[in-house]
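In our numbering, the protein residues as written are 40 to 252.
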């Protein structure tokens with residue numbers, strides 16, 4: 040109860056004081072009108088699957104059910120957050136399967152995704168990858184273990200065969216009293232603990248904005 044009262048008091052202090060007055064960040068330059076494909080979510084299982092960064096340890100297997108839900112979430116986010124028409128995930132998946140059957144010997148993850156984009160006749164391809172996924176254990180009013188999500192969104196230029204952009208999202212939800220900098224998130228989430236898919240949705244919206252999609 041004391042934590043709840045403290046959080047409420049802090050909200051009043053921050054929202055009516057300088058704590059809520061943040062300078063607006065300039066919006067990224069939108070991408071030109073090019074054809075962009077959206078790949079299915081994948082989980083890198085080795086360094087060979089990564090487009091950037093490193094794997095510090097082997098992550099628990101996410102599972103196809105979660106990946107399919109992420110795909111639906113991504114499609115919904117793109118529809119709501121962008122006016123651009125994308126080559127949809129279903130079309131991309133058929134090329135992912137087709138390209139995976141080709142020998143990968145001597146090829147990098149970038150080579151693979153360039154081939155997938157070429158298969159789709161796209162100018163660019165958005166490749167989302169999830170590297171950490173932990174579900175909420177508990178409920179909206181009390182969490183034994185908070186949700187945690189780490190994702191990367193890579194935009195690949197097919198013609199130049201190189202990365203055109205990357206957005207990294209990583210968050211483990213924290214209680215307001217543990218980190219006052221999260222006050223805006225705390226308010227938007229209604230002061231509740233959210234599940235991993237909700238965190239992922241936030242990451243997707245941020246990626247669409249930051250990559251100029």
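Idealized CB from N, CA, C, for every residue including glycine.
Only a predicted model underlies this, so the values are computations on that prediction, with no experimental measurement involved.
Review point. For residue 169 versus residue 82, is the C-beta spacing smaller than 7 Å?
Key: Cβ atoms of residue 169 and residue 82: closer than 7 Å.
Exercise for review: Could you check how far apart the C-beta atoms of residue 128 and residue 75 are, in whole angstroms? I think they sit under 8 Å.
Suggested key: Actually they do not touch by this definition, with Cβ atoms about 12 Å apart.
Check your understanding: Pick from 250, 144, 160, 145: whose alpha carbon is nearest that of residue 131?
Key -> Out of 250, 144, 160, 145, the CA that lies nearest to the CA of residue 131 is found in 160.
Check your understanding: Counting only runs that start and end within the region 150-181, where is the beta strand (DSSP E) found for 3 or more residues in a row?
Key -> Positions of the beta strand (DSSP E) runs, each at least 3 residues long and wholly inside the region 150-181, are given as 163-173, 176-178 in order along the chain.
Exercise for review: Would you check if the distance between the CB atom of residue 212 and the CB atom of residue 186 is smaller than 7 Å?
Suggested key: yes
Practice item. Measure the C-alpha to C-alpha separation of residue 139 and residue 176 and round it to an integer number of angstroms. Key: Annotation: residue 139 to residue 176 spans about 35 Å, alpha carbon to alpha carbon.
Exercise for review: Check residue 252 in the structure and name its three-state DSSP category.
Suggested key: Reduced to three states, the DSSP call for residue 252 is coil.
Practice item. Could you tell me which residues DSSP puts in a beta bridge with residue 193? Key: 166, 205
Review point. What residue does the alpha helix (DSSP H) around residue 73 start on, and which one ends it?
Key: Where residue 73 is concerned, there is no enclosing alpha helix (DSSP H), given that its DSSP letter is neither H nor E.
Check your understanding: For residue 247, which residues from the same chain have a beta carbon less than 8 Å from its beta carbon, with the 5 sequence-adjacent residues on both sides left out?
Key -> 116, 117, 120, 121
Practice item. Quick one: measure Cβ to Cβ for residue 70 and residue 251, integer angstroms, because I've assumed they're closer than 8 Å. Key: Yes, residue 70 and residue 251 are in contact; Cβ-Cβ is about 5 Å, under 8 Å.
Review point. So residue 158 packs on residue 137, CB below 8 Å; how close in whole Å?
Key: 6 Å
Point to revise | Counterpart residues of residue 210 in DSSP-defined beta bridges | key: 188
Exercise for review: Give the DSSP bridge partners of residue 125, in chain order.
Suggested key: Bridge partners of residue 125: 75.
Check your understanding: What does DSSP give as the partner residues of residue 81 in its beta bridges?
Key -> 168
Check your understanding: When you compare each of 167, 241, 207 to residue 88 by their alpha carbons, which one comes out closest?
Key -> It is 167.
Practice item. Mind reading off the beta-carbon distance from residue 165 to residue 239? Whole number of angstroms is fine, and I expect it under 8 Å. Key: Rounded, the Cβ-Cβ distance is 15 Å, inconsistent with contact.
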